[in-house]
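Reading through the structure tokens given below for one structure.
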Amino acid sequence: MEAVSKGHAKVSLPQRPELFRPGGVLQGGCAMTLADVTCWIAIMSLFGEDDPSVTQQMTTSFLGPARTDLLCESTIVRPGRLIVYGTAETTDTAGKLVSHHTLTYIRPPQRAGA
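Here's what the structure looks like:
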């Protein structure tokens, strides 16, 4: 984790050989998982570590190949009571935008004693 502030998070993913697909490109699911985790951390910065939010929908646009470490920055755009909407952008070490993500989370009601 690189940084966290209210409604924002920044997380890095160091490259490792097992994360690459043929052709020397980082497998796309790595950027998607990084975006989901980064957005989830941004949600926890608003609602606390015990928040029960779960990913409901994620849309990813891959904008270029990733061949280096990744850095993902996420912002919570709408922190609703039941629905949370966020965005995330993943860049490589040169700062080149690799992927853009929009994420929607459901915040199920917490049960007493849970």
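Residue numbers (our numbering): -10 to 103.
No residue lacks a Cβ here, since even glycine has one placed at the ideal position from N, Cα and C.
Given the structure is predicted, the values throughout are model-derived calculations rather than measurements.
Exposure of residue i, with buried meaning 16 or more beta-carbon neighbours within 10 Å
i       : result
Ile32   : buried
Ser(-6) : exposed
Ser133  : Given that the chain is displayed from residue -10 to residue 103, the structure contains no residue 133 and the question cannot be resolved.
Leu86   : exposed
Pro68   : buried
Residue i CB to nearest heavy atom of the ligand HEM below 7 angstroms
i     : result
Asp25 : The ligand content of the structure shown is nil, which means the ligand HEM is not present either.
Cα-Cα separation between residue i and residue j, rounded to whole angstroms
i     : j     : result
Pro97 : Ser42 : 7 angstroms
Leu15 : Thr79 : 12 angstroms
Pro54 : Thr27 : 20 angstroms
Thr64 : Gly12 : 32 angstroms
Gly84 : Ala77 : 14 angstroms
Asp81 : Ser88 : 10 angstroms
Gln4  : Ala20 : 11 angstroms
Per DSSP, cross-strand counterpart(s) of residue i
i     : result
Gly75 : Ile65 and Leu92
Thr49 : His90
Whole-Å CB distance - residue i paired with residue j, under 8 angstroms assumed
i        : j       : result
Ser34    : Gly(-4) : 6 angstroms
Met(-10) : Asp25   : 14 angstroms between Cβ atoms; not a contact.
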